[in-house]
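Working notes, beginning with the structure itself.
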Amino acid sequence: MEGTLTVKVARSEGPVEYQVPARANQTVLDVVSYIQRELEPGLAYRYACRVGMCGSCAMTVNGRPRWTCRTHVAKVARRGVLELAPLAHLPVLRDLVTDMAPFFEKWRKALGHFRPREAPEGEIPDFALIPPASPERQQADAGIECIGCGVCHAACDIVGWNPDYLGPAALNRAWTLVNDLRDGAGAERLAAVAGDAGCHACHSTQSCTAVCVKGLDPAAAIAGLKRRIFWQDPFGWGGG
Amino acid sequence: MIRPTRSHPAWIGFLVHRLSGLALALFLPVHFWALSRAIEGEAALDRFLAWTEDPLVKASEGVLVVLLAVHLAGGLRVMALEFLGWRARQKDLVAASFGFALAVGLLFALHVG
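Respectively, the protein sequence lines represent chains A and B.
For the first sequence, the working numbering begins at -18 and goes up steadily by one.
For the second sequence, the working numbering begins at 9 and goes up steadily by one.
Structure representation (structure tokens):
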């Protein structure tokens, strides 16, 4: 690839267009870094690892949320044009940087942290022996590789319609822990995600699964939570 | 233009399910009104039934049948997804639900007249 690339950046003060040299095997993050280093030192953007591990460089690329460090320009540019914007559904701090606090607050609300199971009365707590190949562990492992990039949250229409909705990432985390045999907060966690803004708000549009950069299936996790909560009290006799 | 985050079969399936549901909900009062013609007496009902023989009304009836079929198939797909955890081949399931609706519509068209 040769020539120049037109990059339209939705900056805080308004859209700005830059001309960037087009190079072979260039990622979107390379392009943003070029703009910041050579053309616009004041451009704010976020990244850390550059190798698809940390989940901090996600932004909207030509209308779709993506991890920019692992997105090749050749794959997403349309007629030599890239349109960059911050992730949707989160407050913008400046330029391409969003405030991730509301996103991780939803993880907290969904009880997205591991809480070890208590040992039975009178017994000494021990390591849980769970074979990695067991079906239970496989189910927990299915969604465990989430890097918290916020791409699914940005792509979810329901988050757009109801900002309180916990969203696919937090619910995927909750489902992962519900399936973790070492965790002891299952019932409390299911109650935390069963509210109006919880898993039942999902309309199964499955955009989260379509955009997940790690190839996870948050839509399946949400369906799993719905199913588990339903079978806890199928006829509503539990007074819940 | 459809947003890039929405350009996948499951989202189209969701949209069609939602729009068909809304259209059916709007039709429901008309359906009850039609039934109420029977209470008005035999002549009123016969007049109404004669009107439904109009080709344009028959065509809209066909649309209604397709809407019902696509809503039923889409609903079954979502229930399979949520209750059975049936995740594999969602794209095929969306296509199958649309195919079912089309087949029902064609079957209805064969029986018209």
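We treat Cβ as the ideally placed atom computed from N, Cα and C, and that holds for glycine.
The model shown is predicted, which means the values in this text are computed figures rather than measured ones.
- Residue pairing by DSSP puts G(-5)/A in a beta bridge opposite R(-8)/A.
- Within chain B, the C-beta atoms nearer than 7 Å to that of G205/A come from G93, in chain order.
- Of all C-beta pairs linking the region 189 to 204 of chain A to the region 42 to 58 of chain B, fewer than three are shorter than 8 Å, placing the two stretches out of contact.
- A Cβ of chain B is located within less than 8 Å of the beta carbon of G44/A.
- For P17/B, the closest C-alpha among the options G93/B, V112/B, F91/B and R85/B is that of R85/B.
- Under the three-state reduction of DSSP, E90/B is assigned to helix.
- Apart from sequence neighbours up to five positions away, the residues of its chain that approach G83/B with a beta-carbon distance below 8 Å are H25, ordered along the chain.
- Within 10 angstroms of the beta-carbon of K207/A lie 16 or more other beta-carbons, which makes it buried.
- Membership of V102/B in the alpha helix (DSSP H) is indicated by the continuous run Q98 to H119.
- When the beta-carbon positions are compared, A55/A and L152/A stay at least 8 Å from each other.
- Distance from N43/A to L63/A at the Cβ level is roughly 7 Å; contact confirmed, criterion being Cβ atoms closer than 8 Å.
- In this structure, R154/A and G93/A form a Cβ contact; the two beta carbons are roughly 4 Å apart against a cut-off of 8 Å.
- Selection D11/A, E(-2)/A and I105/A evaluated against H53/A yields D11/A as nearest (Cα-Cα).
- By the Cβ neighbour-count rule, T(-15)/A is exposed, with fewer than 16 other Cβ atoms within 10 Å of its own.
- Contact note: H16/B reaches chain A through Q187, S188 and A191, using a C-beta cutoff of 8 Å and chain order.
- Straight-line measurement puts the Cα of L89/B at about 41 Å from the Cα of P(-4)/A.
- Below the 7 Å Cβ cutoff, chain A contributes H184, S185 and T186 as neighbours of F22/B, in chain order.
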